[in-house]
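Enquirer: Here it is, the structure in full.
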Amino acid sequence: GAVVSQHPSWVICKSGTSVKIECRSLDFQATTMFWYRQFPKQSLMLMATSNEGSKATYEQGVEKDKFLINHASLTLSTLTVTSAHPEDSSFYICSAYTERGKETQYFGPGTRLLVL
Amino acid sequence: KQEVTQIPAALSVPEGENLVLNCSFTDSAIYNLQWFRQDPGKGLTSLLLIQSSQREQTSGRLNASLDKSSGRSTLYIAASQPGDSATYLCAVYPGGSYIPTFGRGTSLIVHP
Chain E
1 GAVVSQHPSW VICKSGTSVK IECRSLDFQA TTMFWYRQFP KQSLMLMATS
51 NEGSKATYEQ GVEKDKFLIN HASLTLSTLT VTSAHPEDSS FYICSAYTER
101 GKETQYFGPG TRLLVL
Chain S
117 KQEVTQIPAA LSVPEGENLV LNCSFTDSAI YNLQWFRQDP GKGLTSLLLI
167 QSSQREQTSG RLNASLDKSS GRSTLYIAAS QPGDSATYLC AVYPGGSYIP
217 TFGRGTSLIV HP
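For the record, the sequence lines run as chains E and S.
Here this note's numbering is used: the first residue of the first sequence is 1, the next is one more, and so on.
Here this note's numbering is used: the first residue of the second sequence is 117, the next is one more, and so on.
Right, here's the structure in full:
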């Protein structure tokens, strides 16, 4: 149980386009979902926390107009990278939290974004 | 602010060795501590979760211990295999929060 999926697993896009990444909790309802970014050989950096039906809370230094987060249901959150640029190229990982869990987060498989 | 340090940053060993990966954290007021494995280009796989009332957890060849007072956790891997090659991340959950702070990881290579 507690499986989180992400789609797509990788995406290549041209500079200036927008890219949407989906995060789904497959077998549970997620109270809260999180979006992380990971640079090569670096740890995970929390970008934002989202609760279903409310606005996401962004970490300091993360542009909310650049990284749009929508948490429309208890099983789906989306991250849209708007007007992507090469510096947005990274590995994006989502996670989900459920109060019925062991007070940990359950992580998705990640999405590799390459902006040309 | 919680800081999590993992030592060593990289490790290369021959198959069969017993390994110890270290994780230290600056604020001992933590709730849970979790060890993850990450394969190149992949997401995180949870290995062991040590909850607040526990001092260690075991799963197969893996054993993780936690000493909150000294701010340390160790991940012990017995009889290492090439399939153990991956990056191992330590994540510390502060008291009252389910948002962890991650270390940078230890990159492990086990060669045949």
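Positions of the beta carbon are idealized from the N, C-alpha and C atoms, including for glycine.
1) For E/Pro86, count neighbouring Cβ atoms within 10 angstroms of its own Cβ and tell me buried if that reaches 16, exposed if not.
2) Where do the N-terminal and C-terminal ends of the beta strand (DSSP E) with S/Tyr214 fall, by residue?
3) Which residues does DSSP list as the beta-bridge partners of E/Arg112?
4) Which full runs of the beta strand (DSSP E) of 3+ residues lie inside the stretch 48–91 of chain E, going along the chain?
5) My understanding is that S/Leu149 touches E/Thr104, with C-beta atoms under 8 Å, so please give their C-beta distance in whole angstroms.
6) Looking only at its own chain, which residues have a Cβ that is under 8 Å from the Cβ of S/Glu131, when we skip the five neighbours before and after it?
7) Report the residues of the stretch 165–186 of chain S with a CB closer than 8 Å to any CB of chain E, ordered along the chain.
8) Along the chain, where does the beta strand (DSSP E) containing E/Val3 start, and where does it finish?
9) Report the residues of the stretch 17–45 of chain E with a CB closer than 9 Å to any CB of chain S, ordered along the chain.
10) Mark E/Asp65 as exposed unless 16 or more other C-beta atoms lie within 10 angstroms of its C-beta, in which case mark it buried.
11) Would a C-beta distance cut-off of 9 Å place E/Phe107 and S/Leu178 closer than the cut-off?
12) Starting from E/Arg37, follow the beta strand (DSSP E) in both directions and report where the run begins and ends.
13) Could you say if the stretch 117–136 of chain S and the stretch 46–65 of chain E meet the contact criterion of at least three C-beta pairs nearer than 8 Å?
14) Does the distance from the C-beta atom of S/Leu135 to that of S/Tyr192 stay below 9 Å?
15) For E/Ile12, count the other beta carbons within 10 Å of its own beta carbon; 16 or more makes it buried, fewer makes it exposed. Which is it?
16) At the level of alpha carbons, what is the spacing between S/Asn138 and E/Gly61?
17) Alpha carbon to alpha carbon, how far is S/Asp143 from S/Lys117? Give it in angstroms, no decimals.
18) So what's S/Asp200 in DSSP terms, helix, strand or just coil?
Expert: Concretely, from the data shown:
1) exposed
2) Going by DSSP, S/Tyr214 is part of no beta strand (DSSP E) at all; its letter is neither H nor E.
3) E/Trp10, E/Phe91
4) Here the runs fully enclosed are 67–73, 76–81.
5) Between E/Thr104 and S/Leu149 the Cβ distance is about 10 Å, and since that is not below 8 Å, they are no contact.
6) Ser196, Gln197, Pro198, Val226, His227, Pro228
7) Leu165, Gln167
8) For E/Val3, no beta strand (DSSP E) encloses it, and the DSSP letter there is neither H nor E.
9) Thr32, Phe34, Tyr36, Gln38, Lys41, Gln42, Ser43, Leu44, Met45
10) exposed
11) no
12) 32–38
13) no
14) S/Leu135 is a Cβ neighbour of S/Tyr192, given a cutoff of 9 Å.
15) exposed
16) 30 Å
17) 8 Å
18) In the structure shown, S/Asp200 sits in a helix (DSSP, three-state: H, G or I).
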